[in-house]
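Have a look at the structure below before the remarks.
Residue numbers (the numbering used here): 11 to 777.
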């Protein structure tokens, strides 16, 4: 009897042991933003006590899988996606840390950029390989997985759960299984959608999205781990047929292979998630997708009887998490190196950077890295953390690749108004210990023409400094845009010519600010008739103003767009002292000529000018962005010889793109204040309704006497309003807009304007 009981006990023990030795692999598909539904699937599996032994993922599944294999729970993963603005990492939303305002040139009307080089082989140009920088994505992945790499000794089998991810080798077009090395770079490679995010090189091979060739890597799980059971989470399917007007759909179909969503004959369960069609970069539905994945996974598990045969071991999983977390080292960087790639060389030039302050957190690293990544002299800036076990600290390596020495930009604006213009720019830069750069640009249109040449020398150091010298010629011809004159009594022929040289010394103030001390020497020339009754034989009045002006400026700018911003902040404070000589030559129709007075006139005209500008977008949700704008100018500027030259010399408040090309005497004053509110309502992706309203208060409005000399009306006697409603569609090249504008105080206050591109001019002398 005892022998029988002993035999039964042995059989049961053998059976239970055999059951305990069964292994399960979790396979996670790609799917872009829809891939976050895998988190819901993982939550459902854990709640049912289903043990997972191995994890394999591709694309977004690679990221979720790496998070799980590194010890994160489903709740921690959901919190991570909920608390971080994932969408901003992979689109053009504002990320202040990715801007180094000190190194940026003035905003211009460029819509496209092309880098090129000239050597013995001729002209070599390089088209952009990506629309979105992968800097933020790479940094966040390193922040998440660097310590896990060290804990696992860079062997993915030694993570909390053995892990594999799949990328695609660009050279041979085949899928590549990544099983060791840098976990963050491996996940980054697997998520790199071609032409959307820049590719990454691992072991000498250039890699991109694994979903292109293997979007459901069940075969990888079988080959690598030989599991007894496979659970697959499918958040994507094969791509639809390409659309002739959709570049991404064409790229997807050219580069991808159809995938069979099966277990390849092995025992298993495929949880086929029925998810709504969401853009691959739209993470605004994260919570709903995770909930949907959880509900559908529970439903699939409930109707699959074989799932109960798998052993439960949640207590062991919790213990594994605790043990693996204890292996992760404290973050501390001991030394920093830069490795600068040289063309036609396989080796890098390695340089150790001496630092005054230590890097003791990822916040410290973030400031340094993005300052370097935003440097216009480098085409690509990657970094890698290598752990030094003896020092119990990381060594930080920056991998830098120089930008092409030459560049060509083009853009402008196409408009139903008279502001259509083309823009071109040719630039040069040389980066060694210091950076030397120069460019010349040009605007060509009926209303506005301009040429600017600039040379810049950057001096690196504890406090970086740049020396800049530029010369600018601006010409505005209001006669060609006479439809913009709203009051018939105002002169219908006005031309502004501006020539000036500006030199300045600039230094950074944080990553998003800078201050400058400079000097401007220039001449402004105004040509005009002081009456609308003139003929071809008449001659125009001419006023010239030769001046020298020292200046001091302080700027902060991290607006997300150079026109129609919706996030970020701008602050500009400037002080000018202007010492100038005014000369006036009367034309045949001027009042002086009619009264037989002196034709030529000259006088000294000096003044100071303080200007403050502020724009801030302070409230955001999924449907609306709210902001405000304000400005004021304080000056003791005196009148010129006559009303027309006096009003032309006054600054105009121009908050709308269209208003920059209008002559609006009601909105010109030597001293004024203005404030407004901005609401951008998100209708559908990339399409918004923008509503703007401004109150403008001149301290003393400039008015004309009968003899066409100027006088001030009593203080605060007039005020005006500007309103605008516009539909804005943001393309990759520039905004497409249809705006309906209102300018209070004019005889023709309404305008309807369609435009594509940017209404941005070269700065005038006192901007």
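Beta carbons: idealized from backbone N, C-alpha and C, even for Gly.
Alpha carbon to alpha carbon, how far is residue i from residue j?
| i | j | result |
| --- | --- | --- |
| residue 678 | residue 711 | 8 angstroms |
| residue 124 | residue 421 | 12 angstroms |
| residue 765 | residue 408 | 42 angstroms |
| residue 164 | residue 190 | 5 angstroms |
| residue 719 | residue 653 | 5 angstroms |
| residue 648 | residue 615 | 7 angstroms |
| residue 211 | residue 199 | 8 angstroms |
| residue 754 | residue 143 | 43 angstroms |
| residue 769 | residue 56 | 56 angstroms |
| residue 667 | residue 721 | 30 angstroms |
| residue 416 | residue 134 | 10 angstroms |
| residue 92 | residue 117 | 34 angstroms |
| residue 90 | residue 286 | 22 angstroms |
| residue 425 | residue 739 | 15 angstroms |
| residue 168 | residue 687 | 55 angstroms |
| residue 641 | residue 568 | 18 angstroms |
| residue 709 | residue 302 | 60 angstroms |
| residue 53 | residue 243 | 12 angstroms |
| residue 174 | residue 36 | 11 angstroms |
| residue 527 | residue 506 | 27 angstroms |
| residue 552 | residue 110 | 43 angstroms |
| residue 230 | residue 699 | 48 angstroms |
| residue 744 | residue 307 | 42 angstroms |
| residue 759 | residue 732 | 9 angstroms |
| residue 398 | residue 157 | 12 angstroms |
| residue 149 | residue 376 | 8 angstroms |
Locate the beta strand (DSSP E) running through residue i, then write down its first and last residues.
| i | result |
| --- | --- |
| residue 718 | Residue 718 -> no beta strand (DSSP E), and no H or E assigned at all. |
| residue 593 | 578-595 |
| residue 387 | Careful: residue 387 lies outside any beta strand (DSSP E) and carries neither H nor E. |
| residue 311 | Unbroken run through residue 311 is the alpha helix (DSSP H), 296-312; no beta strand (DSSP E). |
| residue 479 | 475-487 |
| residue 86 | Taken as a continuous stretch (DSSP letters only), residue 86 belongs to no beta strand (DSSP E), being part of the alpha helix (DSSP H) at 84-93. |
| residue 763 | 760-767 |
| residue 623 | 610-630 |
| residue 539 | From DSSP, residue 539 is part of no beta strand (DSSP E); its letter is neither H nor E. |
| residue 431 | 431-441 |
| residue 707 | 697-708 |
| residue 123 | 120-129 |
| residue 342 | That residue, residue 342, is in no beta strand (DSSP E); it is neither H nor E in DSSP. |
| residue 518 | 504-518 |
Which stretch, first to last residue, makes up the alpha helix (DSSP H) that contains residue i?
| i | result |
| --- | --- |
| residue 155 | 145-161 |
| residue 379 | 372-383 |
| residue 635 | Unbroken run through residue 635 is the beta strand (DSSP E), 634-645; no alpha helix (DSSP H). |
| residue 230 | 228-235 |
Write down the C-beta distance between residue i and residue j rounded to the nearest angstrom, noting that I regard them as a contact closer than 8 angstroms.
| i | j | result |
| --- | --- | --- |
| residue 413 | residue 435 | The pair is not a contact, with the Cβ atoms about 15 angstroms apart (cut-off 8 angstroms). |
| residue 338 | residue 161 | 5 angstroms |
| residue 224 | residue 288 | So it is not a contact: roughly 22 angstroms between Cβ atoms. |
| residue 344 | residue 405 | 6 angstroms |
| residue 68 | residue 220 | 4 angstroms |
| residue 84 | residue 49 | 5 angstroms |
| residue 46 | residue 300 | 6 angstroms |
| residue 748 | residue 736 | 6 angstroms |
| residue 454 | residue 671 | Not quite, the Cβ-Cβ distance comes to about 14 angstroms (not below 8 angstroms), so this is no contact. |
| residue 837 | residue 532 | Not covered by the structure: residue 837. The range shown for the chain is 11 to 777. |
| residue 488 | residue 509 | With 8 angstroms as the limit, residue 488 and residue 509 do not qualify as a contact, their Cβ atoms being about 18 angstroms apart. |
| residue 82 | residue 41 | Going by Cβ atoms, the distance from residue 82 to residue 41 rounds to 19 angstroms, so no, they are not a contact pair. |
| residue 59 | residue 322 | 3 angstroms |
Using a Cβ-based criterion (distance less than 7 angstroms to any ligand heavy atom), does residue i qualify as near the ligand HEM?
| i | result |
| --- | --- |
| residue 618 | Among the components modelled here there is no ligand, and therefore nothing to report on the ligand HEM. |
Inset, instruction - Run through the segment 658-687 for me and flag every whole beta strand (DSSP E) of 3 or more residues, listed as ranges in chain order. - result: none
Inset, instruction - Kindly confirm or deny that the segment 505-519 and the segment 634-648 touch, where touching means at least three C-beta pairs closer than 8 angstroms. - result: no
Inset, instruction - Could you name each continuous alpha helix (DSSP H) segment of 4 residues or more that falls completely within the segment 41-80, going from the start of the chain to the end? - result: 47-57, 70-79
Legend entry - Any 3 or more C-beta pairs closer than 8 angstroms across the segment 122-129 and the segment 177-186: no
Legend entry - Continuous beta strand (DSSP E) assignments of at least 3 residues falling wholly in the segment 161-222: If only complete runs of 3 or more residues are kept, the segment 161-222 shows the beta strand (DSSP E) at 173-179, 185-188, 205-207, 210-212, 215-219, in order along the chain.
Legend entry - Inter-stretch contact (C-beta, 8 angstroms, three-pair minimum) for the segment 75-91 and the segment 437-446: no
Inset, instruction - Pair every Cβ in the segment 530-549 with every Cβ in the segment 568-584, then say whether three or more of these pairs are closer than 8 angstroms. - result: With a cut-off of 8 angstroms, the segment 568-584 and the segment 530-549 do not count as touching, because too few Cβ pairs lie within range.
Inset, instruction - Could you tell me whether the segment 578-593 touches the segment 618-630, where touching means 3 or more Cβ pairs closer than 8 angstroms? - result: Two segments are said to touch when three or more pairs of C-beta atoms, one from each, lie closer than 8 angstroms; by this definition the segment 578-593 touches the segment 618-630.
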